[in-house]
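Here the structure comes first, spelled out in structure tokens, and everything after it is commentary.
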Amino acid sequence: MSLNYTREKLYSAVEILASSNESIQDRLHSAYINALIRLHEPNDFPEELREEFNEINKRLTEIQATSNEGSVQATTTKMSEEEAGNVAEKIVTLYDQIARKLGAMESQTILSV
Numbered sequence: 001m002s003l004n005y006t007r008e009k010l011y012s013a014v015e016i017l018a019s020s021n022e023s024i025q026d027r028l029h030s031a032y033i034n035a036l037i038r039l040h041e042p043n044d045f046p047e048e049l050r051e052e053f054n055e056i057n058k059r060l061t062e063i064q065a066t067s068n069e070g071s072v073q074a075t076t077t078k079m080s081e082e083e084a085g086n087v088a089e090k091i092v093t094l095y096d097q098i099a100r101k102l103g104a105m106e107s108q109t110i111l112s113v
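In structure tokens, the structure reads:
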């Protein structure tokens, strides 16, 4: 995948987190199933940011589902507002890091032409 694709999916996740009146836990669940779940290839992230994404993914899937709800919903429904807010903040920060990296790469390309 390309870094543009990664930025697009992270932007979608940030938009979901910011544009709903649902609880932060429900917004995290929606952000994951509608955007973040598509980021699963090792090359979706630069090496220096893979661990940050893996940590987000781990935090959103750490509780095993007991019915047909799925592990993300099982996890997010058990999160406090503070925990959910911390994960949401990590998603926004990761989006910012990817956007800055992509911007720097695009600037390099323009300067080398």
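Going by the numbering used here, the first residue of the sequence shown is number 1, and it counts up by one from there. For each residue, glycine too, the CB sits at the ideal point set by N, CA and C.
According to the DSSP assignment, Gln73 belongs to the alpha helix (DSSP H) that extends over 71-78. Per DSSP, the unbroken alpha helix (DSSP H) holding Gln25 starts and ends at 24-34. Here DSSP, grouped into helix, strand and coil, assigns Glu41 to coil. As the crow flies, the alpha-carbon of Phe45 is around 32 Å from that of Ser67. In this structure, Val72 sits near Tyr32, with a CB-CB distance shorter than 8 Å. Cα atoms of Gln97 and Pro42: separation of roughly 17 Å, rounded to the nearest angstrom. Taking Ile24 as reference, the option from Arg100, Glu83, Ala104 with the minimal CA-CA separation is Glu83.
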